[in-house]
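**Student:** Our numbering puts the first residue of the sequence shown at 48, with every later residue one more than the last. I'd like to ask you about the structure that follows.
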Amino acid sequence: MTINEGLNNMIPTASGGDALPVESQKHHYQDLGSGGLADADKDPYVESWAREKKPNLEPGSEIKVLVIGAGIHGVTSAYHLITDSGIPKEDLVVIDKAGGWGGTWYWNRYPGVMCDVEGYSYLPLLEESGHIPKYKYPAGYEIRSYIERTAKKFGFKADFGVTVKQLSWNETKGRWNATLTRTLPGDVQSEPFVVSAQWICLSTGFLPNPQIPRLPGFASLRDAPGRSVMHTARWDWSVSGGSQEKPNMVNFRGKRVGIIGTGPTAVQVVPHVAKFADKLLVFQRNPEYVGKHYQEETTRELWEKVAYKRGWNLERMLNMDYWYAELPDRVDRVQDGWTEVPGLKGLTGTPLQTLKPGEESSTIQKLLAQDYAWTAKMRHRVCREVDDPVVAEALQPRGPSFCKRPAFHNSYLSTFNLPNVTLVDTRGEGVTAYTDKGVMANGQEHELDVLILATGYTSAVFDSSPTSGIKAPITGRNGRSLKEKWNGDDFGVMFGLATNEFPNLFFFTPAGSGLSINLTASLVSNARYTAAIIRRALDNTLSPSSLVLEVSKDAEAEYTKQNTEKGRWFSGVASCLPGQVIQPDGSGVDVRHLGEEELKRNPWGGGLLDFRNKFDHWFASGTLTGFTISQVTQR
């Protein structure tokens, strides 16, 4: 898997990252911690010191800022809140249910895991930290180590093994009450305790929770003697043998191993497992576009070209978005497989066009016609790499590039030439059940010793409510439930980071935000804008400790109206279905016309650059138009 898996499987299925209508996702998946599977969601990587050290937060603690999430988003948020907003680092605490820094990269330790977007663009704060990635596409353990070292370099305070149970606004005190539990030594949960914070930042990113196919028989397989099941986000090295740094998986020798999923996670895992398993079965619902991977070591000469001026990190981070925006002065600084795929702007939006009602079909057809040459090139690549013509045919996608995020790898396709590797192509049906011996697919039971679920994470793209990242209720003014508001008729958001009735609460949601193929670019923008808003609010009050900042109802309604108008751009993504075959003229997709309730919860259709320009124009006024600043009278 890659950190960008939030868009890997823009339209996922029970087979791991393939196309289903968006509204069907929740019915085909369950997160790993639900449905009696909580024991499968335990932290297998936590070190004892993380649970034994003295915590920063005790029952009754009061702090200025609580940042929830210790991944790239959390570290970036903490940095900008301290550096830009002027929050003393002693008054800010980061919490995470994991046993350490990393977020998604803390959990993803499967063999072959690496960033699928180049690290020079993906990793934030490279200039500030002085870090030089070892490779253009860093391995997962390097990214995790980088996040940890960066947090320590800047002195961020953090408590790990902490789970949020509830967030509720205290109107009288102007504070958020956070009900938390802590995982203690012995994997025991503490009694709930409450801390208060003036500000809360939900920095849970795009990929909060691992998911598995919602199919019958899971317990019977997990409980079967001599058989093992694991999710790629909870890789069990005691089952496979080896380690993330040295994936010598000798325990797979003599074993029949199955992998459900053919998305970018599986693309990275399959070649490594194939080296050791006696028999490897890869269960595919729909195939994946797999392009060439442009990996290279970071030499001194290369780094001098990359880090060529002050501000290069942010410039490079946004470069991909300049490319997809097709601006006349664009320069392709990254020069890898991503910028060869013109259809991917179907995922991100464009500043060049705001679709009017009735323009969806013709516009999407033009986009698909532009995309066809690349998709044909990828199908030809399969034929070159795979010897068996039947297998090669099954591995060739026919749909749009934006319906299933492409992968880039140099040995995935050729792995299917190995005599111990079998592709189980379910022709759109997917795996249908678990049994006490393995799984059912194509009406046949496939016996397995080990089942690997390369089925990704729940995505904020599908469930954009800020509550989904913490799986806990958030209650604002007058007892208002944030989840209720998100699903209600009065839904509204401002810049994808704040909403009325929930003062001093900031978050990231794709709804109303600018998206990028490089998800870090979206999260960094969110962190910077949150810090800038808080800084300006603090500068405009005589009593910072009493400050209450809230989006007005009128402002969020106006922003949401504009977002609705922009949202028609994503009609192509919303129309993705299994079995589509795109023709050279771009025909082959029946474009679905979205209703207002869907449109207003879409990302910003102008793309990340247009979104950033909109925020910059708003912020340049020198005020916080649309936000109300007040003071609590009692503390």
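Yeah, the Cβ is synthetic: ideal placement off N, Cα and C, and Gly gets one too.
#1: Using a Cβ-Cβ cutoff of less than 8 Å, which residues in the same chain neighbour Thr556 once the five nearest sequence positions on both sides are dropped?
#2: Apart from the five residues just before and just after Asn298, which ones in its own chain have a Cβ nearer than 7 Å to its Cβ?
#3: Is Ala97 closer than 8 Å to Gly147 when the C-beta atoms are compared?
#4: Just the C-alpha distance for Thr404 and Pro260, rounded to the nearest angstrom, thanks.
#5: With burial defined as no fewer than 16 other Cβ atoms inside 10 Å of the residue's Cβ, what is the status of Tyr459: buried or exposed?
#6: Please state whether DSSP places Met541 in a helix, a strand or coil.
#7: Label Ser95 either buried or exposed according to how many other C-beta atoms from any shown protein chain fall within 10 Å of its C-beta, with 16 as the threshold for buried.
#8: If you check the beta carbons only, do Ser176 and Thr210 fall under 8 Å apart?
#9: For Lys326, which beta-bridge partners are listed by DSSP?
#10: Out of Gly642, Gly653, Ile676, Pro334, which one is the CA nearest neighbour of Ile592?
#11: Can you tell me whether Asn295 is buried or exposed, with buried defined as 16 or more other CB within 10 angstroms of its CB?
#12: How far does the alpha helix (DSSP H) with Ile129 in it extend, from its first residue to its last?
#13: State the beta-bridge partners of Ile115 as determined by DSSP.
#14: Can you name the residues that DSSP bridges to Arg683?
#15: Please report the Cβ distance between Pro685 and Val316, rounded to the nearest whole angstrom; I am assuming they are in contact, meaning their Cβ atoms lie under 8 Å.
#16: How many angstroms separate the CA atom of Gln382 from the CA atom of Leu268?
#17: Could you tell me whether the Cβ atoms of Arg445 and Val628 are closer together than 8 Å?
#18: Would you tell me roughly how many angstroms separate the C-alpha atoms of Glu476 and Asn489, rounded to the nearest one?
#19: Considering Cα atoms alone, identify which of Thr130, Gly118, Tyr504, Pro232 is closest to Val93.
#20: Hey, quick one: how far does the alpha helix (DSSP H) through Thr151 stretch, first residue to last?
#21: Assuming Met364 is part of the alpha helix (DSSP H), what are its boundary residues?
#22: Start and end of the beta strand (DSSP E) containing Ile676?
#23: Identify the continuous beta strand (DSSP E) that holds Pro683 and give its terminal residues.
#24: Starting from Thr567 and walking both ways along the alpha helix (DSSP H), at which residues does that stretch end?
#25: Should Pro185 be labelled buried (16 or more other beta-carbon atoms within 10 Å of its own) or exposed?
#26: To test your reading of the DSSP string, which unbroken beta strand (DSSP E) runs of 3 or more residues are found completely within the segment 430–472?
#27: Quick one: Cα of Thr251 to Cα of Glu406, how far?
#28: Quick check on Gln72: buried or exposed, where buried means 16 or more other Cβ atoms within 10 Å of its Cβ?
#29: For Asn457, which option in Thr522, Asp163, Ser290 has the closest C-alpha, if you only look at C-alpha atoms?
#30: Could you check where the alpha helix (DSSP H) with Ile499 kicks off and where it finishes?
#31: For Gly619 versus Val636, is the C-beta spacing smaller than 8 Å?
#32: At what residues does the alpha helix (DSSP H) containing His278 begin and finish?
#33: Can you tell me the Cα-Cα spacing of Ala667 and Asn660, whole angstroms?
#34: Kindly identify the DSSP beta-bridge partner or partners of Ile629.
#35: Per DSSP, Leu594 is paired with what?
#36: For Ile499 and Gly305, I'd like the C-alpha separation in whole angstroms.
**Tutor:** In short:
#1: By one-based count along the sequence shown, residue 556 stands at place 509. So the list reads Ala507, Ser511, Ser512, Pro513, Val540, Gly543, Leu544, once near-sequence residues are dropped.
#2: Sequence index remark: in the sequence shown, residue 298 carries index 251 (1-based). The answer, listed in chain order, is Val286, Ser287, Gly288.
#3: Walking along the sequence shown from the start, residue 147 turns up at place 100. Walking along the sequence shown from the start, residue 97 turns up at place 50. Contact flag set, yes.
#4: Here residue 404 refers to the residue found at position 357 of the sequence shown. Here residue 260 refers to the residue found at position 213 of the sequence shown. It is worth fixing the name first, because residue 404 is Pro in this sequence and not Thr. In this structure, the CA atom of Pro404 is about 36 Å from the CA atom of Pro260.
#5: On the sequence shown, residue 459 is found 412 positions in, with the first residue counted as 1. Note on Tyr459: 16 or more other CB atoms within 10 angstroms of its CB, so buried under the neighbour-count rule.
#6: Walking along the sequence shown from the start, residue 541 turns up at place 494. Met541 falls in the strand class under three-state DSSP.
#7: Residue mapping note: residue 95 aligns to position 48 of the sequence shown, counting from 1. With fewer than 16 Cβ atoms within 10 Å of its Cβ, Ser95 is classed as exposed.
#8: By 1-based counting over the sequence shown, the position of residue 176 is 129. By 1-based counting over the sequence shown, the position of residue 210 is 163. No; because the gap between Cβ atoms is not below 8 Å, this pair is not in contact.
#9: Taking the first residue of the sequence shown as 1, we reach residue 326 at position 279. Note: Lys326 sits in a beta bridge opposite Arg303.
#10: If you number the sequence shown from 1, residue 592 lands on position 545. Contrary to the premise, residue 592 reads as Ser rather than Ile in this sequence. Minimum Cα distance to Ser592 is reached at Ile676.
#11: For this step, residue 295 is matched to residue 248 along the sequence shown. When all chains shown are included, Asn295 counts as exposed.
#12: In the sequence shown, residue 129 corresponds to position 82, counting from 1. From DSSP, the alpha helix (DSSP H) with Ile129 extends over 119–130.
#13: Taking the sequence shown and counting its residues from 1, the one referred to as residue 115 is at position 68. Answer is Ile142, Leu249.
#14: Past the boundaries of the shown model lies residue 683; the chain is included only from 48 to 682, so the question cannot be answered.
#15: Given that the chain is displayed from residue 48 to residue 682, the structure contains no residue 685 and the question cannot be resolved.
#16: To locate residue 382, count along the sequence shown from 1; it is residue 335. To locate residue 268, count along the sequence shown from 1; it is residue 221. Computed Cα separation, rounded: 45 Å.
#17: Counting from 1 along the sequence shown, the entry for residue 445 is found at position 398. Counting from 1 along the sequence shown, the entry for residue 628 is found at position 581. Contact: yes.
#18: On the sequence shown, residue 476 is found 429 positions in, with the first residue counted as 1. On the sequence shown, residue 489 is found 442 positions in, with the first residue counted as 1. Glu476 and Asn489: Cα-Cα distance of roughly 8 Å.
#19: As a first step, residue 93 is located in the sequence shown; it is residue number 46 there, counting from the start. For Val93, the nearest C-alpha among the options comes from Pro232.
#20: Taking the first residue of the sequence shown as 1, we reach residue 151 at position 104. Per DSSP, Thr151 belongs to the alpha helix (DSSP H) from 151–154.
#21: Position 317 of the sequence shown, counted from the start, is the residue given in the question as residue 364. Unbroken alpha helix (DSSP H) run through Met364: 359–371.
#22: Translated into positions along the sequence shown, residue 676 becomes position 629. Note, Ile676: beta strand (DSSP E), 674–678.
#23: Residue numbering for the chain in the displayed model covers 48 to 682; residue 683 lies beyond these limits and cannot be assessed.
#24: Reading the sequence shown from its first residue, position 520 is the one you call residue 567. Here the alpha helix (DSSP H) through Thr567 covers 566–586.
#25: By 1-based counting over the sequence shown, the position of residue 185 is 138. Burial call: buried.
#26: 468–472
#27: As a position in the sequence shown, residue 251 is number 204, starting the count at 1. As a position in the sequence shown, residue 406 is number 359, starting the count at 1. Taking the straight line from one Cα to the other gives about 35 Å.
#28: In the sequence shown, the residue the question calls residue 72 occupies position 25. Unreliable placement is indicated for Gln72, whose pLDDT of 47 sits below 50; the coordinate value is still reported in the next sentence. Buried, because 16 or more other Cβ atoms sit within 10 Å of the Cβ of Gln72.
#29: The residue you call residue 457 lines up with position 410 of the sequence shown. Out of Thr522, Asp163, Ser290, Asp163 has the C-alpha closest to the C-alpha of Asn457.
#30: Taking the sequence shown and counting its residues from 1, the one referred to as residue 499 is at position 452. First-last for Ile499: 497–500, but that is the beta strand (DSSP E), not the alpha helix (DSSP H).
#31: In the sequence shown, the residue the question calls residue 619 occupies position 572. In the sequence shown, the residue the question calls residue 636 occupies position 589. A contact, by the Cβ cut-off of 8 Å.
#32: In the sequence shown, residue 278 corresponds to position 231, counting from 1. Judged by DSSP secondary structure, His278 falls outside any alpha helix (DSSP H) and instead within the beta strand (DSSP E) spanning 275–278.
#33: In the sequence shown, residue 667 corresponds to position 620, counting from 1. In the sequence shown, residue 660 corresponds to position 613, counting from 1. Their Cα atoms are separated by approximately 10 Å.
#34: Against the sequence shown, residue 629 aligns to sequence position 582. According to DSSP, Ile629 bridges with nothing at all.
#35: Along the sequence shown, read from residue 1 onward, the residue named residue 594 stands at position 547. DSSP lists Gln678 as partners of Leu594.
#36: The residue you call residue 499 lines up with position 452 of the sequence shown. The residue you call residue 305 lines up with position 258 of the sequence shown. Roughly 6 Å separates the two Cα atoms.
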